[in-house]
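Going by the numbering used here, the sequence shown opens with residue 27, and the numbers climb by one from there.
First up is the structure itself, then whatever we jot down about it.
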Amino acid sequence: MEIIIKSLDEIGEKALELVGIMKDARIFAFYGKMGAGKTTFIRALCEALGVEEPVTSPTFAIVNEYEIIHPQSSAKRVFHFDFYRIRRLEEAFDIGFEDYLDSGDFCFIEWPELIESLLPEETVRVSIEEDPLDESRHIRF
27 MEIIIKSLDE IGEKALELVG IMKDARIFAF YGKMGAGKTT FIRALCEALG VEEPVTSPTF
87 AIVNEYEIIH PQSSAKRVFH FDFYRIRRLE EAFDIGFEDY LDSGDFCFIE WPELIESLLP
147 EETVRVSIEE DPLDESRHIR F
């Protein structure tokens, strides 16, 4: 499936579209080059889920946690990971990554290539690519 975002003005609407499609999925791995818009799209997804606090990149912290303020959501939190800076798989174990995956809450993972072997089978793999002609984003899952 594919969602095309032609401008930042559409990102909230497109994030809501993905939220509607995702149903019971909780673990999402976001693939894309540096600057493709992974963090920006995850920010819009968090807002669509009801996160009210500012969503920032967890590049240095590895994981940020956000509370979902939405009475219809069975998940209560979003865990936003950025594995760009890890050098060894053991670093994911050190932060308790598997416990996050088993929590039943949303896990949005940037740079999952570095921890691919830890991802469960049900992980939704999301590819974000920029179209160089019009700078639109193509989100495939």
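C-beta: ideal position from N, C-alpha, C; glycine also.
Contact annotation: ALA101 and ALA74 have beta-carbon atoms that are not nearer than 8 Å.
Looking at the DSSP output, ARG113 bridges to nothing. Residue burial annotation: PRO158 is exposed, with fewer than 16 other C-beta atoms found within 10 angstroms of its C-beta. When secondary structure is reduced to three states using DSSP, GLU156 falls in the strand class. For GLU91, the closest of VAL104, PHE54, SER83, PHE119 by C-alpha to C-alpha distance is VAL104. Look at the beta carbons and you see the stretch 45-53 not touching the stretch 76-90: under three pairs across the two are nearer than 8 Å.
With a cut-off of 8 Å on Cβ pairs, the stretch 119-126 is not in contact with the stretch 56-67, counting fewer than three such pairs. VAL81 sits in coil when the DSSP states are folded into three classes, being neither helix nor strand. Remark: C-beta atoms of ILE154 and GLY63 approach each other more closely than 8 Å. Apart from sequence neighbours up to five positions away, the residues of its chain that approach GLU136 with a beta-carbon distance below 6 Å are PHE56, LYS64, ASP108, ordered along the chain. Short of 7 Å from the beta carbon of GLU43, and not among the five residues preceding or following it, lie these beta carbons of its own chain, in chain order: ILE29.
Excluding five sequence positions before and after GLU78, the CB atoms of its chain that fall closer than 6 Å to its own CB belong to ILE95, given in chain order. By the beta-carbon neighbour count (other beta carbons within 10 angstroms, threshold 16), ASP131 is buried. Rounded to whole angstroms, the Cβ separation of ARG151 and PHE134 is 12 Å, and the two are not in contact under 8 Å. Exposed is the label assigned to ARG113, since fewer than 16 other Cβ atoms lie within 10 Å of its Cβ.
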